[in-house]
Structure formats: C-alpha cells, structure tokens
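Since the structure comes first, as structure tokens, the remarks are kept for the end.
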Amino acid sequence: MTRRRPLHLLRRTAEQTGQRPPSSDDAAWAESWLTSAEASIFHRMSNADRRHSIAVARRVACHDSSDAVTVAAALLHDAGKAVDDLPVWERIGATCLGGRRARWRRYLDHERIGISFLLEVGARPEVVAILRGTDTRHHIVMAADDA
Ligand SMILES: [Fe+2]
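So the mapping is simple: our numbering equals the position in the sequence shown, first residue as 1, plus 59.
This is the structure in structure tokens:
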C-alpha cells in the first residue's frame, strides 16, 4: 500500500465527509465516461466516494496524457470501498492501525475488490488494466488521487 501524506489524507477525508450526492451536472459528466456496466458499479459507491472520484477524474481529464478510459478508471478507482462503506473514523482507523478487523482488512483491500466488481460486470479491459497497474496510465490516476 502506498504511504499517503498527512495533508493528502486530511483533504481526502474532507472530500469524503458528508452524504450529499454529487451535483446533477457532476453525475451526468461522470456517467458520460462510463459504459452502462461500469456505471452500475459507480452507482454502488457512497455519495461521498462518488464525489471524491469525480474530483479525481476531473484532475485526470486535465492531464495531457489522459484519455477516456483513464478518466473512467479514475471514476472507478475506489469502487471496492462500496463493499462495506465504512464511516470516516473507521477508514482512518484502518489506515493508521492496519487490518485489525475484517471490515478494515476489506477496506485496505479495496483496490482488488473493486477490480473484481468490474470484472463481474464486464468493464472494459483497459479500465481494469489501468486499475491493476499493468497499464502505464495507472500512474496518472494515482497522481490525481494523491494530488
Ligand atoms: Fe481515492
């Protein structure tokens, strides 16, 4: 697991606080990048995780080397967090203390879980490859997530 900077963690926590849904403009923008199968996974995510993923995807869309599948991967990079939808305090606990609880272990394994969700519904192989890290565009998504 990548070690995250404290300021990044604070900003990400702020992005993930609150349960208001993405704006209708943001939701429409996000869905325009996804296949219907991928959108079904996006809709499983909490409102806070969808807002966060849209913010990451907007940063990816501004990247010179970005393309449609990279933006889609950014929108889906945290899809595995939907497995338990932990509250913020448990996410912080898992990040700081490790996998002491089954729910926390699943949270820490959310990247693999998200990929399994995407494989189940037939997401585009390029999107899956970016999220697995076997495609060089993976670093664009990770940099936008850390920004
Ligand atoms: Fe993220």
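Beta carbons are placed, not taken as given, at the ideal position from N, Cα and C, and that holds for glycine.
If residue i and residue j are in contact, beta carbons under 8 Å, what's the gap, nearest whole angstrom?
i: residue 139; j: residue 164; result: Not confirmed; about 12 Å, so no contact.
i: residue 145; j: residue 162; result: 6 Å
i: residue 97; j: residue 187; result: Contact doesn't hold; Cβ gap of about 10 Å is too wide.
Is it buried or exposed, residue i, if we count other Cβ atoms within 10 angstroms and call 16 or more buried?
i: residue 151; result: exposed
i: residue 102; result: exposed
i: residue 203; result: buried
i: residue 125; result: buried
i: residue 123; result: exposed
i: residue 180; result: exposed
i: residue 182; result: buried
i: residue 194; result: buried
In chain order, what residues of the same chain lie with their CB nearer than 8 Å to the CB of residue i, ignoring the 5 residues before and after it?
i: residue 78; result: 105, 106 and 107
i: residue 190; result: 132, 135, 136, 170, 173, 174, 177, 197 and 200
i: residue 92; result: 116, 127, 130, 131 and 134
i: residue 99; result: 180
Residues in its own chain within less than 6 Å of residue i by CB, not counting five upstream and five downstream?
i: residue 167; result: 153 and 158
i: residue 89; result: 113 and 134
i: residue 142; result: 165 and 172
i: residue 94; result: none
i: residue 160; result: none
Note down, in chain order, each residue of its chain lying with its Cβ closer than 7 Å to the Cβ of residue i, except the 5 sequence neighbours on either side.
i: residue 119; result: 125, 129, 130, 133, 199, 200 and 203
For chain D, check one thing: does any of its Cβ atoms lie closer than 8 Å to the Cβ of residue i?
i: residue 88; result: This model lacks chain D altogether, as it is built from one protein chain only.
Residues surrounding ligand 1 [beta-carbon distance to nearest heavy atom under 5 Å]: 137 and 204
Uninterrupted alpha helix (DSSP H) stretches inside the stretch 108-191 (no shorter than 4 residues): 127-135, 147-156, 161-167, 169-180 and 184-191
Minimum length 4: unbroken alpha helix (DSSP H) runs contained in the stretch 81-109: 83-90 and 95-101
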